[in-house]
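So the sequences go chain by chain: A and B. When we follow the numbering used here, the leftmost residue of the first sequence carries the number 82, and every step to the right adds one. When we follow the numbering used here, the leftmost residue of the second sequence carries the number 52, and every step to the right adds one. We put the beta carbon where it would ideally sit given N, CA and C, even for glycine. What you are looking at is a predicted structure, and each value in this text was computed from that prediction instead of being measured.
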Amino acid sequence: MIKLSHIEKTYDSAAGPVMALKGIDLEIKRGEIYGIIGLSGAGKSTLIRCINMLERPTAGKVIVAGEELTALSNKELRRARKNIGMIFQHFNLLSSATVYDNIAFPLRLAGVDAAGIKAKVEPLLELVGLEDKAHQYPAQLSGGQKQRVGIARALASDPKVLLCDEATSALDPQTTKAILELIKDINHKLQLTVVVITHEMQVIKEICDKVAVIEHGVIAEQGTVLEVFTNPQQPITKEFISVVISNELPSAFRQAEISPTPLPGSQLLVRLTFIGDSADDPVIAGLIRNFQIEVSILFGNLDHIKLTPYGRMIIGITGEQAEIDKALAYLSSKELKTEVIGYVTRHARIAD
Amino acid sequence: MSQDMLALLIKSLGETVYMVTVSMVIATVIGVPLGVLLVTTAKNQILECIVFNRVLAAVVNTVRSIPFIILMVAIIPLTRIIVGSSIGTAAAMVPLTIAAIPFIGRQVETSLKEVEYGVIEAALAMGASPFQIIWHVLLPEAVAGIISQLTTVVIALVGSSAMAGAIGGGGLGDLAIRYGYQRFRPEVMLATVIVLVVLVQIVQFAGNFAAKKLNKK
């Protein structure tokens, strides 16, 4: 649905040319929710604006719905943009128009008559749950309601693609959740391709199928959200993920010295990660039943990445070394990720 | 005050209102598009054309820097071409209009600049043409501010029109000078000033009211 090939964007600034995008290749399939995450200044805002050509790339090709936007004239581009809806961090509604007229705006631009507008706007008001606000002005709405108007407006021209530029960054956590639900819902109902730009990993985790991490104008890492979350490669990705999924040890062990070899009276800390169906597998019960070891659960958490269950656990194992080794072999035979952290003495824990 | 004087006062008020209204209407028709051009042809705007923008701004600044009384005299040949005479109420309207155009242009520019670029960007993203953006976004979003600014211009024009007496333009200013000042009739002077004060109050009130009605922010 969207194909970016080798997009470059250079700005002229007083201090000389600044290269905001340094060759971005990206392919987004129909119906996907694709997240692009990066710190401010990483180039993600420029990148999303290249998709609808609000920023014309200095080099490279933009293809949306089979049409090469980079090759179009201004007039053709205006027509092509009707296929691409966009919502913004600060909503960008017309303050002088009512909710109804804001949603009708793209239709008026396209020359749709009043009856056609009514037939389009009313179901949209219903879709975003603002039927009772139709004749209010944006100033009378909350942030979440304004974004709902933004979404309805973006959908009015029946776009194939929805671009979300930090669409929830100005909203509180509850409202963010509701707006993300709405986007997910629309994606599902309308089979709309959605591109989400954000600096919040929570947003990616909540709704995206795939993610690209952008840093200094290049894509540092990309893949399915599950892959990237469970097996991040780049430091920047790990940093983003640590915000939503803490990889720290439980506080009792943070000060303790971790030894790679067994110490007297120590236990072995192991981090287990369950993804998808393996979360149902009774692994801990298996450990205790089959080996002469004691297992204590030090930390446990079950989360969801979009719809996939994602469980994480830190366990402490004590027992004969031979039994521990067998237990580790058993764990690695299971469909889960096992990471040996090291040996920690109980003593250290008490001192802590 | 005599009946004659009262009749004269009413006639002068009529002349002032006539001069200001006609000048204002013509100047608005030209000045608003001028303000739009000043904004939209600037750097990074929808009709970016930097050279044109600089030239336009220079012309505006030049006209605005000429004191009205000098402008009025300086453009007498032009006035003669346009209204066929260099004296009278109609003749006074030419310099009033010419002075008001760049004034309105700048005022409108200020209002339009307050429209957030994000709203324009949203319209661009929907495939709006530059003209559609001006007509459906910039002007409606700025209309309350523009009305306030135009009110200021009307009041300034009422002030400038007082000088129209210098070329026989008539109006309240002319009345105050000729009868009140030159013929030593302070009661005429006072009456004119009161009428002017009331006139300005009414204009300001109407302007504020309209701006408030139109402001949805």
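6 Å Cβ shell around residue i - same chain, five flanking residues per side excluded
| i | result |
| --- | --- |
| Ala301(A) | Val294, Gln315, Ile317 |
| Gly216(B) | Gly224, Asp225, Ile228 |
| Ile268(A) | Reading off the sequence, residue 268(A) comes out as Asn, not Ile. Here the set comprises Ile114, Val275. |
| Leu368(A) | Val376, Ala408 |
| Gly381(A) | Met394 |
| Phe111(B) | The residue you asked about is not Phe; residue 111(B) is Val in the sequence shown. These residues qualify, in order along the chain: Pro153, Gly156. |
| Ala261(B) | Ile198 |
| Gln303(A) | Ala293 |
| Ile396(A) | Val351, Val376, Ile378 |
Rounded Cβ spacing between residue i and residue j (contact assumed at less than 8 Å)
| i | j | result |
| --- | --- | --- |
| Val90(B) | Leu163(B) | 4 Å |
| Ile285(A) | Ile118(A) | 6 Å |
| Ile388(A) | Ile356(A) | One point to set straight first is that residue 388(A) is Leu, not Ile, in the sequence displayed. Going by Cβ atoms, the distance from Leu388(A) to Ile356(A) rounds to 12 Å, so no, they are not a contact pair. |
| Ser250(A) | Thr279(A) | 7 Å |
| Gly82(B) | Ala151(B) | 7 Å |
| Leu175(A) | Val170(B) | 6 Å |
| Ile109(A) | Ile83(A) | 4 Å |
| Thr203(B) | Gln252(B) | In fact, because the Cβ distance is near 14 Å, the residues do not count as touching under 8 Å. |
| Ser177(A) | Lys267(B) | 5 Å |
| Thr304(B) | Leu201(B) | With chain B represented from 52 up to 268, any question about residue 304(B) goes unanswered, as that position is not in the structure. |
| Ala520(A) | Pro390(A) | Not covered by the structure: residue 520(A). The range shown for chain A is 82 to 433. |
| Thr311(A) | Thr354(A) | 6 Å |
Span of the beta strand (DSSP E), counted from its first residue to its last, around residue i
| i | result |
| --- | --- |
| Phe372(A) | Looking at the DSSP string, Phe372(A) is not in any beta strand (DSSP E), and its letter there is neither H nor E. |
| Tyr411(A) | Segment 402-414 is the alpha helix (DSSP H) holding Tyr411(A); no beta strand (DSSP E) there. |
| Tyr92(A) | 83-94 |
| Arg352(A) | 347-356 |
| Ala123(A) | Taken as a continuous stretch (DSSP letters only), Ala123(A) belongs to no beta strand (DSSP E), as it is neither H nor E. |
| Met214(B) | Run containing Met214(B): none; DSSP gives neither H nor E here. |
| Leu247(B) | First-last for Leu247(B): 237-265, but that is the alpha helix (DSSP H), not the beta strand (DSSP E). |
| Lys142(A) | 140-145 |
| Asp246(A) | 242-246 |
| Val275(A) | 274-279 |
| Phe154(B) | It is not in any beta strand (DSSP E) - Phe154(B) instead sits in the alpha helix (DSSP H) that spans 140-164. |
| Tyr168(B) | Element bounds for Tyr168(B): not the beta strand (DSSP E) but the alpha helix (DSSP H), 168-176. |
| Ile345(B) | Coverage of chain B is limited to positions 52 through 268, which leaves residue 345(B) absent and any answer about it impossible. |
Residue i versus the options, residue with shortest Cα-Cα distance
| i | options | result |
| --- | --- | --- |
| Asp106(A) | Leu353(A), Thr139(A), Gly381(A), Val299(A) | Val299(A) |
| Glu212(A) | Val351(A), Asp194(A), Ile184(A) | Ile184(A) |
| Ala193(B) | Met75(B), Met70(B), Val248(B), Lys263(B) | Lys263(B) |
| Ile405(A) | Ser347(A), Asn155(A), Leu206(A) | Ser347(A) |
| Arg352(A) | Gln217(A), Leu174(A), Leu409(A) | Leu409(A) |
| Gly210(B) | Val248(B), Gly65(B), Ala109(B) | Val248(B) |
| Arg159(A) | Glu172(B), Ser136(B), Ala78(B) | Glu172(B) |
| Leu244(A) | Asp93(A), Ile386(A), Gly116(A), Pro98(A) | Gly116(A) |
| Asp358(A) | Gly392(A), Lys214(A), Gly97(A) | Gly392(A) |
| Ile168(A) | Ala233(A), Ser121(A), Gln217(A) | Ala233(A) |
| Gly221(B) | Gln96(B), Ile206(B), Ser63(B) | Ser63(B) |
| Val209(A) | Lys265(A), Asn173(A), Asp361(A) | Lys265(A) |
| Leu350(A) | Thr426(A), Glu296(A), Phe321(A) | Thr426(A) |
| Ile206(B) | Gln233(B), Thr72(B), Gln96(B), Gly86(B) | Thr72(B) |
| Gly139(B) | Gln255(B), Ile77(B), Met214(B), Pro118(B) | Met214(B) |
| Phe186(A) | Gly135(B), Ile133(B), Gln183(B) | Gln183(B) |
Bounding residues of the alpha helix (DSSP H) (the contiguous stretch that carries residue i)
| i | result |
| --- | --- |
| Pro98(A) | Counting along the chain, Pro98(A) falls outside any alpha helix (DSSP H), though it belongs to the beta strand (DSSP E) covering 97-109. |
| Leu223(B) | 223-226 |
| Gly65(B) | 54-91 |
| Ile198(A) | 195-208 |
| Glu302(A) | Note, Glu302(A): premise wrong, no alpha helix (DSSP H); beta strand (DSSP E) at 299-305. |
| Thr257(A) | 254-271 |
| Thr318(A) | 316-325 |
| Tyr181(A) | 180-190 |
| Val295(B) | Any property of residue 295(B) remains undetermined from this structure, which presents chain B solely from 52 to 268. |
| Met167(A) | Taken as a continuous stretch (DSSP letters only), Met167(A) belongs to no alpha helix (DSSP H), being part of the beta strand (DSSP E) at 165-169. |
| Glu287(A) | 282-288 |
| Ala333(A) | 332-335 |
| Ala235(A) | 224-236 |
| Ala161(A) | 155-161 |
Own chain residues within Cβ distance below 8 Å of residue i, not counting five before or after
| i | result |
| --- | --- |
| Ser154(A) | none |
| Leu261(A) | Thr249, Val284, Glu287, Ile288 |
| Gly65(B) | none |
| Thr342(A) | Tyr424 |
| Ile431(A) | Summary for Ile431(A): the model assigns pLDDT 47, below 50, so the residue's position carries little reliability, and this model does not support an answer. |
| Leu98(B) | Leu88, Thr91, Thr92, Pro181 |
Chain-order list of residues whose beta-carbon lies under 7 Å from that of residue i (same chain, five-residue window excluded)
| i | result |
| --- | --- |
| Ala429(A) | For Ala429(A), the pLDDT reaches just 45, beneath the cut-off of 50, and the residue's location in the model is therefore unreliable, although a value from the coordinates is still provided. Cβ neighbours of Ala429(A) beyond the five flanking positions: Ala337, Glu338. |
| Arg131(B) | Ser137 |
Residue i Cβ short of 6 Å to the ligand NAD heavy atom set
| i | result |
| --- | --- |
| Leu223(B) | By its list of ligands, the structure shown contains no ligand whatsoever, and the ligand NAD lies outside what it can speak to. |
Given 8 Å as the limit, is there contact between the stretch 146-161 of chain B and the stretch 122-138 of chain B, that is, 3 or more CB pairs closer than that? yes
Determine, using beta-carbon pairs with one atom in the stretch 116-132 of chain A and one in the stretch 191-206 of chain A, whether at least three such pairs fall under 8 Å. no
Indicate whether the contact test is met: 3 or more Cβ pairs, each with one atom in the stretch 165-173 of chain B and one in the stretch 182-193 of chain B, closer than 8 Å. yes
Take every Cβ of the stretch 215-227 of chain A, pair it with every Cβ of the stretch 135-148 of chain A, and state whether three or more of those distances are shorter than 8 Å. no
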